Amino acid sequence: MTAAIAVAGNTAATGWADSKSPLVFAAASLKNVLDAINDAWRRETGKHATIAYAASSTLAKQIENGAPADLFISADRDWMNYLDTRKLINPESRSDLLGNSLVLIAPASGTVKLSIVPDFGLAAALGDGRLAMADPAAVPAGRYGMAALEHLGVWSSVEKRVAAAENVRAALLLVARGETPLGIVYRTDAAAEPAVKIVGIFPPDTHPPIVYPIALTATSTNPDAPILLAYLRGAAARGQFEKAGFTVLDSAR
């Protein structure tokens with residue numbers, strides 16, 4: 007479980023911080039907003055979650071290998087389906103919680119100007135640099151990005167110049183530090199990082215819909231896990247998600 011612990015919020019380096027709190031495995035792009043929601047849940051109820059953030063692929067594999075997660079929030083349906091087919095989630099608890107957009111970013115001080123249209127000049131705009139994005143071979147944000155570039159006819163011109171990161175937040179950091187001139191991340195990530203700016207938004211028809219499904223794991227016995235799930239679908243969390251730039255797809259009425 008070391009990979010999730012390394013990027014976890016509210017976890018101890020020697021293991022899971024509090025076995026009495028529900029353990030949430032969540033896509034790295036959710037860190038800012040889930041931390042804020044977790045703080046609000048604590049203030050309102052006295053309860054709190056332990057949250058581990060990483061690439062959805064990493065977290066799904068860890069659940070498959072026996073990690074004691076109570077709740078999983080993936081950045082795509084594929085990794086939730088991966089666990090579902092292995093009977094590792096509670097299918098009755100599953101829903102599509104959030105939506106997002108995909109953007110091209112540059113350092114805030116950069117001067118790159120591009121219009122995201124078919125055959126746009128992405129390779130030329132990179133100059134001698136590389137394109138930061140989550141690993142297209144495994145991570146949802148990377149797969150969405152590759153699909154968009156393929157649809158636009160420019161993937162072949164940049165695929166050998168990709169700086170593949172372990173998750174979308176790592177890709178964001180490469181651009182924020184100026185280590186790469188351009189990157190592809192979720193719009194919500196770009197909004198949370200003042201050191202980058204959005205160069206363009208990928209049209210939604212260039213990639214599969216960006217959907218974040220949520221579900222309880224099949225092995226969860228924590229009584230607070232269903233309570234947290236309901237809270238994440240409630241009005242208070244909805245406001246936080248929308249403030250962060252997510253589209254709320256499913257919420258309790």
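In terms of my numbering, the sequence shown opens at residue 7 and continues consecutively.
Cβ atoms here follow ideal geometry from the backbone N, Cα and C, with glycine treated the same way.
The structure displayed is predicted, hence computed values, not measured ones.
Asked	Found
Taking the beta strand (DSSP E) that L108 falls in, what are its first and last residues?	L108 to P113
Which value, in whole angstroms, describes the spacing of the CA atoms of S3 and D84?	As shown, the chain starts at 7 and ends at 259. That puts residue 3 outside it, with no answer to give.
Only counting the same chain, and skipping five residues up and downstream in sequence, which positions put a Cβ closer than 6 Å to that of F31?	A58, L65, A75 and F78
Would you mind working out which of E248, L235, L180 and A243 sits nearest S101, comparing C-alpha positions?	L235
Tell me the DSSP secondary structure of T287 in three-state form.	Here the chain covers residues 7 to 259 and nothing more, so residue 287 does not appear.
Assuming D41 is part of the alpha helix (DSSP H), what are its boundary residues?	K37 to T51
Express the C-alpha separation of I207 and L94 in angstroms, rounding to a whole number.	35 Å
To which residues of the same chain is R136 closer than 6 Å at the C-beta, ignoring the five residues directly before and after it?	R167, A169 and T186
So, with DSSP's three-state summary, where would you put V181?	helix
Compare the C-alpha of A112 against each of N87, F126, A138 and G105 and name the closest.	A138
Report yes if the C-beta distance between K203 and A114 is below 8 Å; otherwise report no.	yes
For D230 versus P97, is the C-beta spacing smaller than 8 Å?	no
Which residue marks the beginning of the alpha helix (DSSP H) containing A147, and which one marks its end?	P146 to H157
I think L188 touches G151, with their Cβ atoms under 8 Å apart; what is that distance to the nearest whole Å?	Their Cβ separation, rounded to whole angstroms, is 11 Å, which puts L188 and G151 out of contact at 8 Å.
Could you check the C-alpha separation between D195 and V164 for me, to the nearest Å?	22 Å
I think A242 touches A46, with their Cβ atoms under 8 Å apart; what is that distance to the nearest whole Å?	6 Å
Where in the stretch 51-100 do unbroken runs of the beta strand (DSSP E), each at least 3 residues long, occur, reported from the N-terminal end onward?	56-60 and 77-79
Given a cut-off of 8 Å, decide if A73 and S35 are closer than it, judged by their beta-carbon atoms.	no
A140 and A177: beta carbons closer than 8 Å?	yes
When you compare each of T225, R48, Q246 and A221 to V39 by their alpha carbons, which one comes out closest?	Q246
Give me, in chain order, the residues of the same chain whose beta-carbon lies closer than 6 Å to that of G251; leave out the 5 immediate sequence neighbours on both sides.	R193, T194 and A197
Could you tell me the boundaries of the alpha helix (DSSP H) in which G245 lies?	A241 to K249
Which residue's Cα is closest to the Cα of P209: K249, L155 and L132?	L155
Mark T17 as exposed unless 16 or more other C-beta atoms lie within 10 angstroms of its C-beta, in which case mark it buried.	Only weak support is given to the placement of T17: the predicted model assigns it a pLDDT of 36, under 50, and the value that follows is read from those uncertain coordinates. Buried, since its Cβ has 16 or more Cβ neighbours within 10 Å.
Quick check: what's the CA-CA separation for S99 versus E70?	18 Å
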